[in-house]
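Peer 1: In terms of mature numbering (1 follows the signal peptide of the UniProt record, and there is no 0), the sequence shown is residues -21 to -1, 1 to 379.
Ideal Cβ positions, reconstructed from N, Cα and C, are used throughout, including at glycine.
Bear in mind the structure is a predicted one, so any value in this text is a computation, not a measurement.
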Amino acid sequence: MKTIFLFMALTACSIVMRAQVADNQNQYFNAAEKMLQTEGNLQVGGYAEVHYNQPLSSAVKSNGKLDVHRVVMLFGYQFNERTQFITEIEFEHVSEVYIEQAFLQYKINNALNLRAGLILTPMGIINEYHEPNTFNGVERPHIDKLIAPTTWREIGVGFTGVVVPANMRYQAYLMNGFNGFNGAGKFRGKDGLRKGRQKGAESYISSPNFTAKVEYFGIRGLNLGLSGYVGKSQSTLYDGINKDDVNALAVADSSVINMAMIGADFRYSRSGLSVKGQFYYNSLGNTNEYNVFTAKDGKNNDLGKSMIGYYAEVGYNVFNTVEEVKTELIPFIRLEKYDTQNSLEKGIVRNKAYAANVITTGLTWKVAPNAAFKSDVQFVKTEADNKAKASFNAGFGIMF
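(1) Checking the sheet assignment: what are the DSSP bridge partners for P310?
(2) Just how far apart, CA to CA, sit T306 and F114?
(3) Indicate the three-state DSSP secondary structure (helix, strand or coil) for I241 in the structure shown.
(4) Going by DSSP, which residues form a beta bridge with N88?
(5) Going by Cα to Cα distance, which pick from G197, G137 and R199 is closest to T190?
(6) Select from M52, K86 and I104 the residue whose C-alpha is nearest the C-alpha of E79.
(7) Looking at Q213 and G156, is the spacing between their C-beta atoms short of 8 angstroms?
(8) Please report the residue range of the beta strand (DSSP E) in which M286 lies.
(9) Please name the residue, chosen from V271, E60 and K345, that lies closest to V304 on a Cα-to-Cα basis.
(10) If you drop the 5 nearest sequence neighbours on each side, which residues of the same chain put their C-beta closer than 7 angstroms to that of L172?
(11) According to DSSP, simplified to helix, strand and coil, what is D355?
(12) Should F196 go down as buried or exposed, given a rule of 16 or more other Cβ atoms within 10 Å for buried?
(13) Along the chain, where does the alpha helix (DSSP H) that runs through I122 open and close?
(14) Quick check: the Cα distance between Q22 and G103, rounded to an integer number of angstroms?
(15) Helix, strand or coil: how does DSSP classify P128 here?
(16) Helix, strand or coil for F272, going by three-state DSSP, please let me know.
(17) Looking only at its chain, what residues have a beta carbon closer than 7 angstroms to the beta carbon of A332, apart from the 5 residues adjacent to it on each side?
(18) Could you have a look at Y26 and say whether DSSP puts it in helix, strand or coil?
(19) Give the straight-line distance between the Cα atoms of L342 and N279, rounded to the nearest whole angstrom.
(20) Quick check: what's the CA-CA separation for P101 versus G251?
(21) State buried or exposed for F375, treating a residue as buried only when at least 16 other CB atoms are found within 10 Å of its CB.
(22) Compute the beta-carbon to beta-carbon distance between L228 and P187, rounded to the nearest angstrom, for a pair I have assumed lies under 8 angstroms.
(23) Just to confirm before moving on: does the CB-CB distance between I236 and Y259 stay below 8 angstroms?
(24) Quick check on D232: does DSSP put it in helix, strand or coil?
(25) Which residues in the same chain as Q313 place their Cβ atom closer than 6 angstroms to its Cβ, once the five residues preceding and following it in sequence are excluded?
(26) Please report the straight-line C-alpha distance between V(-1) and F8, rounded to a whole angstrom.
(27) Going by the CB atoms, is the gap between F82 and A95 shorter than 8 angstroms?
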């Protein structure tokens, strides 16, 4: 009898633990992934955010900026129980139109899915989970603009899946790389690799790159991520040259940089408390040759040999223990640091304006699980500044 009771207790605990793991896993699905989990042939969704940004200064008057930053429509179609197509059509600043994702996924089994098309690079948190109701603060963190240039996506193919017994989710893709040179250099110290994103828009390829991410969700409320990216930037100078032309190959090689990026992140949410953190380190090779080759007006480019960025954030839902209140009010603070010239080749003068400490603090009021009003005050102090530059930001974000 004791044996039967013990068996039943262990079985119940196992079911509860699996349910908790499933809840934890589902908590971190982005909008596109939620569509992949939904039954039905045609799925429609979307997200949007509107921003107000106001510089603050006791000495200088500045106009504020109002912007419909983005409105995104998502469409998914399920051809059969194994085959699905997902796309995001994004309208930025009212007048710009982009395709943010467009991929076909085929389910081989429960832990293995083939995915091909325009795919998000699985680096860090925000690049994949960038719907505005999923993060605090009006604007995305600086490191997700300068170190890993969100929204970062390219055309590629690979595999993704969830290994439930190991409480792990993985992604691994061969992807097109950054456009580093197409008649002019695209990389610089000020904004790193951001201007090199091809975004699947008539992009070209001279060598494939590899990226992968593994996430662990076996502890309730906790998600741990480790991601990586390796490869070379692309260059139009390789197109049409003779493979035996050593001089032409050497010139083309000078227009390319090598990249090795690593990212680590964590997210913890329990009983109204939310804590998250993220780290990026990007090591770049061949930068001396690239900076000389892409020089302008006799002045060498200033791309660094490495870039680094990290932040830690904590927030708490003050309505967590009040059952009568169905909304969430989350005061938060985020401490952030980045440097796009973390190390340099000899002869490059360090620009102190490219390294900064950032403090962002404010409120997120979730009037519904997928609709939030936001406000914050942000202080940015670069190594070149005598004091921090402040701004007030407000807006709202929704997802459906």
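Peer 2: Considering the structure as presented:
(1) Answer is L342.
(2) One C-alpha to the other measures close to 16 angstroms.
(3) DSSP, read as helix, strand or coil, puts I241 in strand.
(4) DSSP, once it has assigned bridges, lists L91 as partnering N88.
(5) Considering only alpha carbons, the answer is G137.
(6) Per the Cα distances, M52.
(7) Yes, Cβ-Cβ distance for G156 and Q213 is below 8 angstroms.
(8) Under the DSSP assignment, M286 falls in the beta strand (DSSP E) whose first and last residues are S285 to Y295.
(9) For V304, the nearest C-alpha among the options comes from K345.
(10) The answer, listed in chain order, is P128, F157 and F166.
(11) Of the three classes helix, strand and coil, the one that applies to D355 here is strand, per DSSP.
(12) Counting the other CB atoms within 10 Å of its CB gives F196 a total of 16 or more, which places it among the buried residues.
(13) DSSP places I122 inside the alpha helix (DSSP H), whose first and last residues are I122 to L125.
(14) Near 27 angstroms, if we compare the C-alpha coordinates of G103 and Q22.
(15) Annotated three-state conformation of P128 is coil, per DSSP.
(16) Reduced to three states, the DSSP call for F272 is helix.
(17) Excluding sequence neighbours, A332 sits near T361 and A363.
(18) Of the three classes helix, strand and coil, the one that applies to Y26 here is strand, per DSSP.
(19) Rounded to the nearest angstrom, the two C-alpha atoms are 44 angstroms apart.
(20) So the alpha carbons of these two residues sit roughly 27 angstroms apart.
(21) Flag for F375 reads buried.
(22) Their Cβ separation, rounded to whole angstroms, is 18 angstroms, which puts L228 and P187 out of contact at 8 angstroms.
(23) No.
(24) Of the three classes helix, strand and coil, the one that applies to D232 here is helix, per DSSP.
(25) A small fix is needed here, since residue 313 is Arg in this sequence, not Gln. If we look at R313 and ignore the five residues flanking it on each side, its Cβ neighbours are Y290, E292 and T339.
(26) Confidence at V(-1) is low in this model, with a pLDDT of 43, below 50, so the placement of that residue should be treated as unreliable; the coordinate-derived value is given next. The alpha-carbon separation between V(-1) and F8 amounts to approximately 13 angstroms.
(27) F82 sits close to A95, with the two beta carbons spaced by under 8 angstroms.
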